[in-house]
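Structure first, then comments.
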Amino acid sequence: MNPITHLLASWSLAEVSGLDQRDRAIVAWVGAAPDLDGFGAIIDGATRLLGYGDPALYGRFHHVLLHGLFGALLVPTIGLAFARRRFVAFLWGVAAVHIHLACDLVGSRGPTTDDIWPIPYLGPFSEAVTLSWSGQWPLNAWPNIALTLGLLAFVFARAASVGHSPVSLFSTGAHEAFVAAVQGRWRQIQGRA
Ligand SMILES: [Zn+2]
Numbered sequence: 255m256n257p258i259t260h261l262l263a264s265w266s267l268a269e270v271s272g273l274d275q276r277d278r279a280i281v282a283w284v285g286a287a288p289d290l291d292g293f294g295a296i297i298d299g300a301t302r303l304l305g306y307g308d309p310a311l312y313g314r315f316h317h318v319l320l321h322g323l324f325g326a327l328l329v330p331t332i333g334l335a336f337a338r339r340r341f342v343a344f345l346w347g348v349a350a351v352h353i354h355l356a357c358d359l360v361g362s363r364g365p366t367t368d369d370i371w372p373i374p375y376l377g378p379f380s381e382a383v384t385l386s387w388s389g390q391w392p393l394n395a396w397p398n399i400a401l402t403l404g405l406l407a408f409v410f411a412r413a414a415s416v417g418h419s420p421v422s423l424f425s426t427g428a429h430e431a432f433v434a435a436v437q438g439r440w441r442q443i444q445g446r447a
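Each residue of the sequence shown is one higher than the last, beginning at 255 in my numbering.
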């Protein structure tokens, strides 16, 4: 799925974790981080541009390096180094990565039915447990859009009710402005009702 959808999903999961703000942010980033194995796209593009050929790193590593059990343990372990409640944050991180994998399993197909993207659960070490689903829908299909809209609705609900928002993952100032705007608008709507 889209990295933004992954980030919203893991941020939403972190919201129900009961962790403090710092650890929730770590869980949110951990849940989105498996897509960093798409780094090859940048290197492939750069080497092609510079005339050094195409090393095809994207195809080799994306959905292989961090989209499995190895990534589900490695990425939360890195997050753990920055967390306050380390073990609990680690477990939520493992859950967040698995939600990421489940989302990719159901909804990251390419344009044709031949483009089903499998999840090599024991990658990059083994292809023994490679998961795929014949019903996988395309990346831009309506269930992904519906999921993203549902997550955005949750974002607005959390901003209005408890003043949390995923904008805080990027900027405290922008987050405060966002929450103030949502809460102001919410009070207006309630005042009219
Ligand atoms: Zn992914």
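Idealized CB from N, CA, C, for every residue including glycine. Owing to the predicted nature of the structure, the values given are computational and were not obtained by experimental measurement.
Beta-bridge pairing of residue i - partner residues as DSSP gives them
i    : result
I373 : L385
Residue i burial status per 10 Å Cβ neighbour count (16 or more: buried)
i    : result
N398 : buried
R338 : exposed
Y375 : buried
A263 : buried
V436 : buried
Between the CA atoms of residue j and residue i - distance to the nearest angstrom
i    : j    : result
A428 : A414 : 15 Å
A287 : L320 : 8 Å
D289 : R446 : 44 Å
A350 : I373 : 16 Å
G285 : Q442 : 35 Å
G313 : R340 : 34 Å
G272 : G364 : 37 Å
A343 : F410 : 24 Å
H260 : L267 : 11 Å
I258 : G292 : 14 Å
Three-state class that DSSP yields for residue i in the structure shown
i    : result
F397 : The identity of residue 397 in the sequence shown is Pro, whereas the question assumes Phe. Note: P397 maps to helix in three-state DSSP.
P392 : strand
R363 : strand
P309 : coil
S422 : helix
A335 : coil
V208 : Any question about residue 208 goes unanswered here, given that the chain covers just 255 to 447.
Would the segment 375-394 count as touching the segment 403-420 if we require 3 or more Cβ pairs under 8 Å? no
Check whether the segment 351-359 touches the segment 323-330, counting contact only when three or more Cβ pairs, one atom from each stretch, lie closer than 8 Å. yes
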